[in-house]
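What follows is a short report on a single structure.
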Ligand SMILES: Cc1ncc(C[n+]2csc(CCOP(=O)(O)OP(=O)(O)O)c2C)c(N)n1
Ligand SMILES: Cc1ncc(C[n+]2csc(CCOP(=O)(O)OP(=O)(O)O)c2C)c(N)n1
Ligand SMILES: [Mg+2]
Ligand SMILES: [Mg+2]
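Chains as they are written, first to last, in our numbering: chain A, 1 to 346; chain B, 1 to 346; chain C, 1 to 340; chain D, 1 to 340.
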């Protein structure tokens, strides 16, 4: 019983949402798409050692981030949330710097952005979101934490422990699983016992929601509702956004070894979230083709600016090896830094 | 929504089970009860440094173990499965030796008993059961693995990972949770989000069963059914046996700090599994009072024999420190053993 | 964050001499910390109503409420993961993991998250987390209740590690650890919890990373931490009867290690024995021996001797005293270094 | 179990000279092992159809079927926990954890279960498990993909630890590791996976725990493992141009460590430099330095030098070459020891 038959609908509806919002979603998704394309190109040119594409997941990412309030909420991402970062207002040259391997975790200000450091441990940041949320309620704040994770991550013990904690403490968390059907080479059938991540919610006494992850409006609605519930003290929600990883896991991956591309091709052709949203905007009268072309042009321009910015960004100085290990450094580290200065410094 | 209102029934029925079986269950439960009493006394006398009582959980333990086939199944216990060990046929002096701190893990032969080593890591052995079960199916065997764990353990990441693996591989495992309402000082309400461990099963696509853990017949039926399903390839089952830890967590614990004993008293008075089974045996005509008195006498005698055995068991020789670290020892360990011989050996 | 905290009261009082156990001293330090900084949170398995399995958090929940002092579900990784998130929301978490051996399920969060977050965020998200970890052996406890993880923590960039040996130091080091904006693993020697002695609880004065000469001497330096300090003092008393004056150095901070303090002592005594409970191979004794040797190579009259647990899993009851460094083994090592 | 295995075929063939990468050599060893012993199982994240992220298990699933070679869900602790249960049911598990840094979530199962089960059961339940762990840095990978966990593993009683440095050794050490009835952590130096060279793949002859002199010399001994062996050879070649003859010792087995081999070399050269990628403090270099000093105290002309990663979290791309021991740093250390 796979939850993954492509929903089949090759159209989505946005009529119930304000046109400003849907245009903003489109703008971010379009920009993310272009930036993604630029990033893949940068990897091919050798500027990025590797890159993980978000192509096909723009609706899930942008609409979930846009449903939050960057003034009081806090996002805990994995390594694949470029489009979320963009929609949430993260400084994107700093974000993309991680893909040029300038700094693990990115070069944007995590606390100012209220968007956690890029985290490569699958499942690892999910308990952070719970801790943040527990702390937020304790100080009487109204913020909500959103934790991103993948279908593969749902197998990790940390994700279970985090959900149980959130349930016990009634913490204002949105667990947002992008089920893109693949965890590297392993499909849902051999990853998620029972076939549904959202179905796990019930076992923690929390709301569980399955949503079409390529339908920006549906994702936006689901996260809005979950965040509102969390804000008014209703506790955590687990949202599973069904989408598809149309690209390889990363630029180092070779899907030919483990999957037939017909399914991916179907998603590309009929379920492209950017195309779906574009059609819906026009259908709902939220924008004309010309207006959207103008948005596209601005998106492309912004993507190129970010691309140029990250390509030109300076490499960190080697002394930064030592600067951030501790708030209060140690004599031993100072000694090692001196060795670096004398024997390594370029 | 607590699943824990004491079921209220102060009687159970065994009529549908063979009298031989129900008398055997009673014999084991009675023996375990007496051995438990002896063990608490041994701790008071300073023979055991500490002890974890199984009092009140005899039905859950004995009936679950008795529903298995010690010729082909394999049990993975925690530190609180004395009554299970007894019912499964484990050599009990060797088992109790762990409480005299003669050897962590016990001195019985784990492979011959098909009853894993006593394991103090909460949640840790649960994935072992899954591995064993996956391996069992791979070699075409018909054995079933049963993993014991507590309500507290259900919070650990390992338990989730194990259940997901079992679901994905369709492994012949019975996950048997003794929910005795307490994990040391923490009650279910602050431990198990959603209130039900069994409810988690659905999220893994496996059968989940809640059973009255003080009703030996109900536990026996549930495990028999789960084991049969597993044996015929039907995959794992999660059973939650609702019971109550009437004693402190261990002899080092002080329940006065965290709980009111009225609830425990109620369970003792109305839900004692040994008393319930005794009444049911008589009610079903499976045994007379006199027969049961005779069983009681034999149980007491056996408990005393085990008590005497463990009290008299020799301490392991210090050289055993080095004997079992590796199958093929190392020069360095041989050198350290020499130091022990020269500088430590009593 | 620290600016807001008023420590004048605590600092002003002249400490009185009291008879206290280490477990009580730690409890008092936690009280001071909870009182002085509203961001301090104490949590872990059974630390609330029960007051912890060693009663170290006894009475804290009653005094500070169940928001500041609270129980968690039974999941070590989430406890440390929650600490990270709390720190990112401005709190100063003081989690407890119930026993040393149950820190392993949390190692990923400790090493890959707690220790790295300040670095990963280039200083934007500091981790002022103090992990309290009842540690080491000597109490004939069940399996996994007697482990010594200091080598692992000391090897982890981004962590600081403390291990007090007596009530007064336990108090001072905990104040320092919790007030520090860096993550600290604070290892409490279970075997010394009930050791009562007359102490003055006072504000720490030595900076983080300072060792302490517990007993001066001139023939050799015994280097130890946690419960082994006490054992080394016993050895020194015995040796003194034979006219051998052993200096006992309590390392206290296992990261950063007081390299200068080690060098100063051994430069005088020319001989050193390092004692710890953890297994020998790749234990922290190797680091200490190497630091001493690197700094005192020409002074050393003998190689640094190591007296440690054996390279075997921590054993049960009757074998425990044969596993842990005995007075005899330490004396043999002293003899070896003197006669080298 | 081992009695049933027929190794005559493999052993009988005279090995031919082939040009192979380490990644291919490991793949060949796995093939031999899967073929010779029906109890060997290879599993882990993406080891099946994909053949592993480094293609080390390439083609194995096709050749041996998806019962013998299979993917697991994404959960490291359960991978190792499953290995324990499989071993208890008579299998010989060869799990892979995808990257060094993702071994941390499995540390509890590795330390508290895999390493102890034989001991806990007094020999009833041996753990013939070989954990294959792509390890160490040097490939400018994302965070957590460049870690060196050898000190942690070597410190754990009950584990053996191997780290090959070239294709031929990778082949032999893996055969030994998997055939051993003890648990072995087999650390594969990612940076050397693609290093092709002419090799003869042959049955291992040296017992477990034997080091190897990769290049003889007389002025000082460079001690290393994994990818650092290659770097030390480069250093030795450069030093030779200046008339300094450096011996390069490949430790290979990080537990048990070849103490006698270390002593034999340094007794001749009088000087030693140990090189590793892991951070300095409490790294395995301290153990090596201490073992050398304990055994060669009178012979040593200078303290053993350590050239290691710095005590900082493993850095990203451009900083990686500044973090890892450079040829220059090793040369400086050689100079220091020669001029001491
Ligand atoms: C703890 C951990 N184990 C393994 C990996 C290696 N790894 C990186 S991504 C990945 C697959 C993740 O799948 P999923 O959670 O579905 O996220 P997606 O890549 O599809 O976005 C794996 C196995 C890791 N990063 N962290
Ligand atoms: C991983 C781990 N963490 C903590 C402990 C300490 N501890 C021992 S028993 C226990 C409570 C266990 O509760 P539960 O799982 O409900 O089992 P019960 O004792 O009720 O049988 C705790 C916290 C442990 N043994 N293992
Ligand atoms: Mg995925
Ligand atoms: Mg319980």
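Ideal Cβ placement from N, Cα and C applies to all residues, glycine included.
Notebook entry, point to check: In chain order, what residues of the same chain lie with their CB nearer than 6 Å to the CB of residue 255 of chain B, ignoring the 5 residues before and after it?
Noted result: The count along the second chain starts at 1 and reaches residue 255 of chain B at position 255. Correct list, in chain order: 248.
Notebook entry, point to check: Cβ of residue 124 of chain A versus every heavy atom of ligand 3: is any distance shorter than 8 Å?
Noted result: Here residue 124 of chain A corresponds to residue number 124 of the first chain, with the count starting at 1. Not under cutoff, so the answer is no.
Next item on the list: Ignoring anything shorter than 4 residues or poking outside the segment 247-308 of chain B, list the alpha helix (DSSP H) runs there in chain order.
Entry: 261-270, 273-283
Margin query: So for residue 261 of chain D, helix, strand or coil by DSSP?
Written below: By one-based count along the fourth chain, residue 261 of chain D stands at place 261. Residue 261 of chain D falls in the helix class under three-state DSSP.
Next item on the list: Using 10 angstroms around the beta-carbon of residue 1 of chain D, count the other beta-carbons present and answer buried if the total reaches 16, otherwise exposed.
Entry: Here residue 1 of chain D refers to the residue found at position 1 when the fourth chain is read from its first residue. Residue confidence is low: residue 1 of chain D scores 34 on pLDDT, short of 50, so the model does not pin down where it sits. No coordinate-derived value is stated.
Check: Which same chain residues, not among the five before or five after residue 303 of chain A, have their C-beta less than 6 Å away from its C-beta?
Finding: If you number the first chain from 1, residue 303 of chain A lands on position 303. Counting only Cβ-Cβ distances below 6 Å, and skipping sequence neighbours, we find 31, 34, 35, 38.
Check: For residue 184 of chain B, which of helix, strand or coil comes out of DSSP?
Finding: Numbered from 1 along the second chain, position 184 holds the residue referred to as residue 184 of chain B. Of the three classes helix, strand and coil, the one that applies to residue 184 of chain B here is coil, per DSSP.
Check: Since residue 92 of chain C sits in a beta bridge, which residues does DSSP pair it with?
Finding: If you number the third chain from 1, residue 92 of chain C lands on position 92. C/40, per the DSSP bridge assignment.
Next item on the list: Consider the Cβ of residue 149 of chain B: report whether some Cβ of chain D lies at a distance smaller than 9 Å.
Entry: Here the question's residue 149 of chain B lines up with position 149 in the second chain. Residue 149 of chain B does not count as touching chain D.
Margin query: Helix, strand or coil for residue 269 of chain C? Go by DSSP, reduced to three states.
Written below: On the third chain, residue 269 of chain C is found 269 positions in, with the first residue counted as 1. Looking at residue 269 of chain C - three-state DSSP - the assignment turns out to be helix.
Next item on the list: With a threshold of 16 other CB atoms inside 10 Å of the CB of residue 331 of chain D, please say whether the residue is buried or exposed.
Entry: Along the fourth chain, one-based indexing puts residue 331 of chain D at 331. Counting Cβ neighbours within 10 Å, residue 331 of chain D comes out buried, since at least 16 surround it.
Note to self: Measuring straight from C-alpha to C-alpha, what distance separates residue 64 of chain A and residue 114 of chain B?
What the structure shows: Residue 64 of chain A sits at position 64 when you count from the first residue of the first chain. Residue 114 of chain B sits at position 114 when you count from the first residue of the second chain. Distance between residue 64 of chain A and residue 114 of chain B, taken at the CA atoms: about 50 Å.
Note to self: Rounded to whole angstroms, what is the Cα-Cα separation between residue 268 of chain B and residue 218 of chain B?
What the structure shows: The count along the second chain starts at 1 and reaches residue 268 of chain B at position 268. The count along the second chain starts at 1 and reaches residue 218 of chain B at position 218. Cα-Cα distance, rounded: 19 Å.
Check: In its own chain, which residues sit with a C-beta less than 8 Å from the C-beta of residue 276 of chain A, not counting the 5 before and 5 after it?
Finding: In the first chain, counting from the first residue as 1, residue 276 of chain A sits at position 276. Closer than 8 Å at the Cβ level, and outside the excluded window around residue 276 of chain A, lie 10, 11, 12, 59, 214, 215, 216.
Margin query: So, with DSSP's three-state summary, where would you put residue 245 of chain D?
Written below: Reading the fourth chain from its first residue, position 245 is the one you call residue 245 of chain D. Residue 245 of chain D: coil per DSSP, three-state reduction.
Notebook entry, point to check: When burial is assigned at 16 or more other CB atoms within 10 Å of the CB, is residue 20 of chain C buried or exposed?
Noted result: Position 20 of the third chain, counted from the start, is the residue given in the question as residue 20 of chain C. Flag for residue 20 of chain C reads buried.
Note to self: List, from N- to C-terminal side, the beta strand (DSSP E) runs of 3 residues or more that fit wholly inside the segment 22-72 of chain D.
What the structure shows: 40-44, 69-71
Note to self: If the cut-off is 8 Å on Cβ atoms, which residues from the segment 97-117 of chain B count as contacting chain C, listed in chain order?
What the structure shows: Near chain C, meaning a CB-to-CB distance below 8 Å, the residues of the segment 97-117 of chain B are 98, 100, 101, 102, 103, 104, 105.
Check: From which residue to which residue does the alpha helix (DSSP H) around residue 312 of chain D run?
Finding: Against the fourth chain, residue 312 of chain D aligns to sequence position 312. From DSSP, residue 312 of chain D is part of no alpha helix (DSSP H); its letter is neither H nor E.
Notebook entry, point to check: Is it the case that the CB of residue 151 of chain B approaches a heavy atom of ligand 4 more closely than 8 Å?
Noted result: Position 151 of the second chain, counted from the first residue, corresponds to residue 151 of chain B. Residue 151 of chain B Cβ: within cutoff of ligand 4.
Notebook entry, point to check: residue 129 of chain B: which of B/77, B/105, B/178, B/97 sits nearest, CA to CA?
Noted result: Counting from one through the second chain, the residue named residue 129 of chain B turns up at place 129. Nearest of B/77, B/105, B/178, B/97 to residue 129 of chain B, Cα basis: B/77.
Item checked: Cutoff 9 Å: residue 6 of chain D Cβ touching any chain A Cβ -> Indexing the fourth chain from 1 puts residue 6 of chain D at position 6. Confidence is the limiting factor: at residue 6 of chain D the pLDDT is only 49, short of 50, which leaves the residue's position unreliable, though a coordinate-based value still follows. Not flagged as an interface residue toward chain A: residue 6 of chain D, since no C-beta distance is shorter than 9 Å.
Next item on the list: State buried or exposed for residue 2 of chain A, treating a residue as buried only when at least 16 other CB atoms are found within 10 Å of its CB.
Entry: Within the first chain, numbered from 1, the residue matching residue 2 of chain A stands at position 2. The predicted model places residue 2 of chain A with a pLDDT of 40, which falls under 50 and marks its position as unreliable, so this point remains unresolved.
Margin query: Can you tell me whether residue 342 of chain B is buried or exposed? The criterion is at least 16 other CB atoms within 10 Å of its CB, across all chains shown.
Written below: Residue 342 of chain B sits at position 342 when you count from the first residue of the second chain. With fewer than 16 other Cβ atoms within 10 Å, it is exposed.
Note to self: Contact criterion: CB-CB distance below 9 Å. Does residue 358 of chain B meet it with respect to chain C?
What the structure shows: Residue numbering for chain B in the displayed model covers 1 to 346; residue 358 of chain B lies beyond these limits and cannot be assessed.
Item checked: Any non-hydrogen atom of ligand 2 closer than 8 Å to residue 182 of chain B Cβ -> Translated into positions along the second chain, residue 182 of chain B becomes position 182. For residue 182 of chain B, the distance from the CB to the nearest heavy atom of ligand 2 is below 8 Å.
Note to self: With the cut-off set at 9 Å, would you say residue 158 of chain C and residue 114 of chain C are in Cβ contact?
What the structure shows: Here residue 158 of chain C is taken as the residue at index 158 of the third chain, counted from 1. Here residue 114 of chain C is taken as the residue at index 114 of the third chain, counted from 1. Against a cut-off of 9 Å, the Cβ pair of residue 114 of chain C and residue 158 of chain C comes out as a contact.
Notebook entry, point to check: Is there at least one non-hydrogen atom of ligand 5 closer than 8 Å to the beta-carbon of residue 322 of chain C?
Noted result: Looking for ligand 5 in the displayed structure turns up nothing; the ligands present are ligand 1, ligand 2, ligand 3 and ligand 4.
Notebook entry, point to check: Per DSSP, what kind of secondary structure is residue 297 of chain C in: helix, strand or coil?
Noted result: Residue 297 of chain C sits at position 297 when you count from the first residue of the third chain. Residue 297 of chain C falls in the coil class under three-state DSSP.
Notebook entry, point to check: So, using beta-carbon positions, are residue 345 of chain B and residue 322 of chain C closer together than 9 Å?
Noted result: Taking the first residue of the second chain as 1, we reach residue 345 of chain B at position 345. Taking the first residue of the third chain as 1, we reach residue 322 of chain C at position 322. Yes. Within cutoff.
Checklist line | Beta carbon proximity, residue 180 of chain C to chain A, threshold 9 Å | finding: Here residue 180 of chain C corresponds to residue number 180 of the third chain, with the count starting at 1. So, interface residue.
Note to self: For the segment 312-327 of chain D, list every residue whose C-beta sits within 9 Å of some C-beta in chain A, in sequence order.
What the structure shows: 312, 313, 314, 315, 316, 317, 318, 319, 320, 321, 322, 323, 326
Check: Is it right to say residue 57 of chain B is buried, meaning 16 or more other beta carbons lie within 10 angstroms of its own, or is it exposed?
Finding: Residue 57 of chain B sits at position 57 when you count from the first residue of the second chain. With 16 or more other Cβ atoms within 10 Å, it is buried.
Margin query: What are the residues in the segment 153-165 of chain C lying within 8 Å of chain B by C-beta distance?
Written below: Hits within the stretch: zero.
Margin query: So with CB distances below 9 Å, who are the chain A contacts of residue 258 of chain B?
Written below: As a first step, residue 258 of chain B must be located in the second chain, where it is residue number 258. Simply none; closest approach about 16 Å.
Next item on the list: Quick one: measure Cβ to Cβ for residue 341 of chain C and residue 291 of chain C, integer angstroms, because I've assumed they're closer than 8 Å.
Entry: Since the displayed chain C opens at 1 and closes at 340, residue 341 of chain C lies outside it and no answer follows.
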